[in-house]
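Asker: Dumping the structure here so I can ask a few things about it.
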């Protein structure tokens, strides 16, 4: 399956959101539901092996069992400090009810790192859901629609309704 996906979405790489199986599943569910359409991480964490996301790039998002769960496409990448992140972006990460809550979580995570300040550059990226590959979240109709070539905008499906450091 993974080889077929990489052939279909040329240049796609795989990753899981979060820092463990439970978080990977929780965040993948937000992506599949269309509630998470943005993420960010410290620019310094992209040094070395990790590459910056690029608009148009595909990612195959794995679940907590390391199985493909969704395909997303990066639509925008910006570099901002935490103080420059907007309320709209913070809400698009899908995990928080306000920018303040997002910021508090960011401080709790990065604040323990010696080199972190509110001006630390963040790679802020937006994405769209392209294909759902799992029915683990009771989204069988969405899986069928995305795989049939139906509209790719997750909000077209009238779905009801952690991010920056959890990539």
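Numbering (our numbering), first residue to last: 1 to 167.
Built from N, CA and C at the ideal position, the CB exists for glycine as well.
No experiment lies behind these values; they were computed from the predicted model shown.
Helix, strand or coil: which one does DSSP assign to residue 126?
Answerer: In the structure shown, residue 126 sits in a strand (DSSP, three-state: E or B).
Asker: For the alpha helix (DSSP H) holding residue 21, just list the boundary residues, first then last.
Answerer: Its alpha helix (DSSP H) spans residues 21-32.
Asker: Can you find the residues in the same chain that come closer than 6 angstroms, C-beta to C-beta, to residue 16, ignoring five residues on each side of it along the sequence?
Answerer: Excluding residues within five positions, the ones whose Cβ falls inside 6 angstroms are 24, 62.
Asker: Is the segment 116-125 touching the segment 71-83, taking contact as three or more C-beta pairs under 8 angstroms?
Answerer: With the cut-off at 8 angstroms, the segment 116-125 and the segment 71-83 touch.
Asker: DSSP three-state call for residue 86: helix, strand or coil?
Answerer: The answer is coil: DSSP assigns residue 86 none of H, G, I, E or B.
Asker: When you compare only the Cα positions, how much space is there between residue 96 and residue 72?
Answerer: About 20 angstroms.
Asker: Tell me the DSSP secondary structure of residue 107 in three-state form.
Answerer: The answer is helix: DSSP assigns residue 107 an H, G or I state.
Asker: Can you tell me the Cα-Cα spacing of residue 4 and residue 136, whole angstroms?
Answerer: Cα to Cα, the separation comes out at about 20 angstroms.
Asker: DSSP three-state call for residue 51: helix, strand or coil?
Answerer: Coil at residue 51, not helix or strand.
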